[in-house]
Amino acid sequence: MAPFPKKRRGKLYNIRSRPLKTVNRFIQAFSEEGRLSDAPHRRRPKATTEDEDPLIVAAVVENPFQSARQVREQLDVDASLAMVGRRLRSAGLRNSVAARKPVVTASNKKSRLQFAESHALWMADDLGRVIVSGSRREWPKLRERVGRGVKAQSRASASHGSAFPDADVMFQHDLAPVHTAKVVKEYIENRRIGMLSWPAKGADMNICENIWGYIKAAMVRKPVHPSTGDELWAAVRQWEDLRAHYDFVSALYAYCGCRLTALVI
8 MAPFPKKRRG
18 KLYNIRSRPL
28 KTVNRFIQAF
38 SEEGRLSDAP
48 HRRRPKATTE
58 DEDPLIVAAV
68 VENPFQSARQ
78 VREQLDVDAS
88 LAMVGRRLRS
98 AGLRNSVAAR
108 KPVVTASNKK
118 SRLQFAESHA
128 LWMADDLGRV
138 IVSGSRREWP
148 KLRERVGRGV
158 KAQSRASASH
168 GSAFPDADVM
178 FQHDLAPVHT
188 AKVVKEYIEN
198 RRIGMLSWPA
208 KGADMNICEN
218 IWGYIKAAMV
228 RKPVHPSTGD
238 ELWAAVRQWE
248 DLRAHYDFVS
258 ALYAYCGCRL
268 TALVI
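Just so you know, we're using our numbering here: the sequence shown kicks off at 8 and counts up by one.
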């Protein structure tokens, strides 16, 4: 077949608005092989063989606590970690971090028992005077905020604000660094805030854990991620909505005594 004239190639290039290299490639393919479609080519060979794929899956099924790196080293597979992960996902396996039980030492057990014995007989009215607190670190999707939200456009420090003036309350915290910092301790002493001595490793006795669970369940149902301050504030209002569920919070306070009694028994 006669070669395609260069002048006509330029016109064809201008008409189609395609790179001249692309036009030449199609012309050459049509002139030499009479085709306009892509030439048949082999797919990139798999990084793992048909024999290695089931072995990768079997290794994780036998020991689900292995990482992709450990599986690759165990089987001596010449493939990337991403490839090993794809083989596992194609078999319906997903990686996750196993739940870990908190380490409770003998000293923790002793302090927990002492706390439970000294407060197990508290009545619901006594427990109702306790202001519970808790903290969570979550991915932005959950859109949570600790405590009652206060919308502010500036920075705030621990030394500003008032703390329940003329109220007969006690404050409970989980010994987090933000509560045990020197400036916080001085603030608590200066304001004469009553403190409820809380034992370490006592999250299971804190009703705030149940409240966080309620907030989480409500927040993850929201499909939109807040991108502005107003949208974030609208999401934080979920915490304020909890105030309408007075019976839920009251029931948690009433159940505190049962939790402490269970520790003593």
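For every residue, glycine included, the Cβ atom is placed at its ideal position computed from N, Cα and C.
These numbers were taken from a predicted model, which means no experiment stands behind them.
Ordered along the chain, which non-local residues of its own chain (more than five positions away) have a Cβ less than 7 Å from that of residue i?
| i | result |
| --- | --- |
| A210 | D181, E216 |
| L82 | E59, L62, I63, A66 |
| S161 | Because the pLDDT at S161 is just 45, under 50, the model does not fix this residue reliably, and the value given afterwards should be weighed accordingly. Once the five neighbours on either side are set aside, S161 has no close Cβ partner at all. |
Can you find a CB in chain D that lies within less than 8 Å of the CB of residue i?
| i | result |
| --- | --- |
| E57 | Absent from the structure is chain D; it holds one protein chain and no more. |
Where residue i and residue j are concerned, what is the direct C-alpha to C-alpha distance, given to the nearest angstrom?
| i | j | result |
| --- | --- | --- |
| S74 | R32 | 46 Å |
| A125 | L270 | Note on identity: in this sequence residue 125 is Ser, with Ala being the wrong assignment. About 12 Å. |
| V137 | T235 | 35 Å |
| I214 | A113 | 24 Å |
| I218 | D254 | 13 Å |
| S140 | G264 | 18 Å |
| A89 | A251 | 48 Å |
| Q2 | T268 | Beyond the ends of the chain as shown, which are 8 and 272, falls residue 2; an answer cannot be given. |
| E40 | R94 | 39 Å |
| A258 | T187 | 29 Å |
| Q179 | V256 | 16 Å |
| V104 | V111 | 20 Å |
Tell me which same chain residues have a C-beta within less than 8 Å of the C-beta of residue i, skipping the five on either side of it?
| i | result |
| --- | --- |
| N115 | P206, A207, K208 |
| G92 | A75, N102 |
| T29 | none |
Can you check which of these residues, the options, is closest to residue i by C-alpha distance?
| i | options | result |
| --- | --- | --- |
| R96 | V111, V68, D237 | V68 |
| L43 | R50, I34, R51 | I34 |
| R107 | F72, S204, R50, R244 | F72 |
| R266 | W129, A54, V111 | W129 |
Measure the beta-carbon distance from residue i to residue j and round it to whole angstroms, keeping in mind my assumption that it falls under 8 Å.
| i | j | result |
| --- | --- | --- |
| M177 | M202 | 7 Å |
Looking only at its chain, what residues have a beta carbon closer than 6 Å to the beta carbon of residue i, apart from the 5 residues adjacent to it on each side?
| i | result |
| --- | --- |
| P184 | none |
> Where are the alpha helix (DSSP H) runs, 4 residues long or more, that stay fully inside the stretch 14 to 99, in chain order?
Replying inline: 27 to 40, 59 to 69, 75 to 82, 88 to 97
>> Please give the ranges of any beta strand (DSSP E) in the stretch 174 to 215, keeping only runs that are unbroken, at least 3 residues long and fully inside the region.
In response: 177 to 179, 201 to 203
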